[in-house]
Amino acid sequence: MEDLGTRVPLAPYTTLELGGPAACFASAHDVASLTRLLAHAEEREMPVVILGGGSNLVVADTGFDGLVIAMRMRGVTTTRQGDVVLVEAAAGEPWDELVDRTTLEGLAGLECLSGIPGLVGATPIQNVGAYGQEVADTIASVRVLDRVEKRVVELTPAQCEFGYRDSMFKRDPERYVVLSVVFALVPDGAATVRYAELARALEGRPRDVRTVRETVIALRRAKSMVIDPVDPNRRSAGSFFTNPIVDASIADALSAQHENMPRWPQPDGRVKLAAGWLIERAGITKGLRRGHVGISTKHALALVHHGGGTTTELLALASEVQDAVRARFGVELHREPVLWR
Ligand SMILES: Cc1cc2nc3c(=O)[nH]c(=O)nc-3n(C[C@H](O)[C@H](O)[C@H](O)COP(=O)(O)OP(=O)(O)OC[C@H]3O[C@@H](n4cnc5c(N)ncnc54)[C@H](O)[C@@H]3O)c2cc1C
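When you line the sequence shown up against this note's numbering, it's residues -15 to 325, in that order.
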């Protein structure tokens, strides 16, 4: 049986560095060890959660009263199939190492997702996205362990039901463990430059995938959106809220009152608003402090922990932000990171 730790502090496993202990903690290095750990928990009727890099997680101060399984499976394989290269990466592969490697090989499809922390296995969960790209654009299939049927299955992108920072996995978190993800990337393909801020930063520079990767990382660094051990904003979960999507009539009414409000039409006729813009206009400024937590000095959407704080403080600040935006604009902000309690 795998090494099972008890009362293991979870804070060091999260980028926020917050939260209490896991009642039990173990690492899964392959499907066999994962299956054994799940069976062990089931026999004891113990709840189970899956841990990647802990960069999209808020753990309660009381911790998690169950088994935390850390995904540590490694391995990347590459196969040419017609016009694309299929890259299969195991769940425990560090995400940015994969983007570094594929862009070095001149493969297009992941370049705008450079600098995002965490592991490959978590990327389908919230359909990770940034700078005009999301993993759903290139995912060819996701290999999962179905915890109900107790077998390994290959899911198609349609079965994953990807949406904006959303997927079937996020809505049904107890059913599947992601084992590996297959991305269909284009050799010597054109880089994606859809995002105005990225296009501006690339002016006068080549638009190959490597340059786009470097440019995205520079843009992210300026917003404290890469993990940097010397950055005072480093303890965060990235964006704490998703951009709200509202009916067109609501967006029109808000635009009439607030000139220059950023808005992006969605394929279903609704309109996506900029959560960061709403937060700042609601009077929550960058650098605001509430005890040991605060708003990043570089990015209004990131809640940061300054050390020595608690999850209770962080969630109180999150509620303060949500209340301010609701009071000013009548718009509800939804938390992006997953909460374990
Ligand atoms: C500085 C910073 C910048 C960020 N920028 C972005 C960004 O630009 N775009 C973006 O989309 N996100 C961003 N994020 C959020 C985060 O990095 C991503 O969501 C990332 O994919 C989370 O990966 P992780 O391995 O850390 O997942 P974790 O935080 O460990 O887990 C997140 C969720 O996924 C589940 N999970 C993890 N692995 C598996 C698995 N193998 N099978 C089943 N469930 C699993 C967990 O149970 C949990 O519910 C940022 C975070 C930080 C700290």
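Even glycine gets a Cβ: it sits at the ideal position worked out from N, Cα and C.
Nearest neighbour of residue i, chosen from the options [CA to CA]
i: alanine 259; options: Ala23, Pro251, Ala235; result: Ala235
i: threonine 199; options: Gln143, Ala175, Val69, Asp212; result: Ala175
i: threonine 226; options: Leu(-6), Arg325, Glu145, Ala302; result: Ala302
i: glutamate 29; options: Ala10, Gly50, Thr46; result: Gly50
i: glutamate 297; options: Gln250, Arg312, Arg273; result: Arg273
i: glutamate 72; options: His290, Val128, Glu26; result: Val128
i: glycine 93; options: Asn40, Ser17, Ser233, Val170; result: Val170
i: glycine 59; options: Ile263, Ala74, Leu70, Gln65; result: Ala74
i: glycine 66; options: Ala168, Gly36, Ser239, Leu317; result: Ala168
i: glutamate 304; options: Gly291, Phe313, Ile268; result: Ile268
i: aspartate 172; options: Arg135, Leu35, Gly90; result: Gly90
i: glutamate 1; options: Val43, Ala232, Phe48; result: Val43
i: valine 15; options: Thr(-10), Val177, Phe48, Arg56; result: Arg56
i: glutamate 138; options: Arg149, Gly37, Ile123; result: Ile123
i: arginine 194; options: Pro141, Val83, Ala237; result: Val83
i: tyrosine 179; options: His242, Tyr160, Leu97; result: Leu97
i: glutamate 145; options: Ala120, Asp130, Arg131; result: Ala120
i: arginine 310; options: Gly291, Val322, Leu238; result: Leu238
i: arginine 312; options: Thr19, Val322, Arg265, Glu95; result: Arg265
i: proline 5; options: Tyr(-3), His13, Val(-8); result: Val(-8)
Secondary structure of residue i, DSSP reduced to three states
i: isoleucine 234; result: helix
i: histidine 276; result: coil
i: histidine 24; result: helix
i: tyrosine 325; result: Correcting the residue identity first, residue 325 is arginine in this sequence and not tyrosine. Of the three classes helix, strand and coil, the one that applies to arginine 325 here is coil, per DSSP.
i: lysine 256; result: strand
i: methionine 209; result: coil
i: threonine 295; result: helix
i: threonine 400; result: Any question about residue 400 goes unanswered here, given that the chain covers just -15 to 325.
i: isoleucine 229; result: strand
i: valine 83; result: helix
i: alanine 286; result: coil
i: valine 392; result: A question about residue 392 goes unanswered here, because the residues of the chain that appear run from -15 up to 325.
i: arginine 64; result: strand
i: glycine 99; result: coil
i: glutamate 118; result: strand
i: aspartate 150; result: strand
i: threonine -10; result: strand
i: alanine 106; result: helix
i: arginine 189; result: coil
i: valine 200; result: helix
i: isoleucine 263; result: helix
i: arginine 155; result: helix
i: aspartate 215; result: coil
i: arginine 58; result: coil
i: glutamate 304; result: helix
i: glutamate 181; result: helix
i: leucine 18; result: helix
i: arginine 127; result: strand
i: leucine 0; result: coil
Close Cβ partners of residue i (< 8 Å) along its chain, the five nearest in sequence each way excluded
i: asparagine 217; result: Ser208, Ser280, Thr281, Lys282, His283, Ala286, Val288
i: proline 228; result: Lys256, Leu257, Ala259, Leu262, Val315, Glu316, Leu317, His318
Spatial neighbours of residue i in its chain, beta-carbon cut-off 7 Å, leaving aside the 5 residues before and after
i: valine 230; result: Arg254, Val255, Leu257, Val315
i: serine 223; result: Leu285, Ala286, Glu320
i: glycine 76; result: Met55, Arg56, Met57, Arg58, Leu103, Gly105
i: valine 33; result: Phe48, Gly50, Val52, Trp324
i: threonine 140; result: Ser125
i: glutamate 158; result: Arg131
i: serine 17; result: Glu(-14)
Proximal residues to residue i (C-beta, below 6 Å), its chain only, five neighbours per side dropped
i: valine 210; result: Gly99, Arg204
i: leucine 182; result: Tyr115
i: serine 39; result: Thr(-1), Pro101, Gly102
i: threonine 294; result: Asp45
i: valine 349; result: Outside the modelled stretch of the chain, which goes from -15 to 325, sits residue 349, for which no answer is possible.
i: glycine -11; result: Phe9
**Report entry** Validate contact between the region 97 to 113 and the region 151 to 165 using beta carbons, cut 8 Å, 3 pairs
**Finding:** Taking a contact to require three or more Cβ pairs closer than 8 Å, the region 97 to 113 and the region 151 to 165 qualify as touching.
Query raised in the report: Are the region 107 to 122 and the region 186 to 194 touching, with three or more C-beta to C-beta distances below 8 Å?
Result: no
Query raised in the report: Is the region 5 to 16 touching the region 36 to 52 in the sense that three or more CB pairs, one from each, lie closer than 8 Å?
Result: yes
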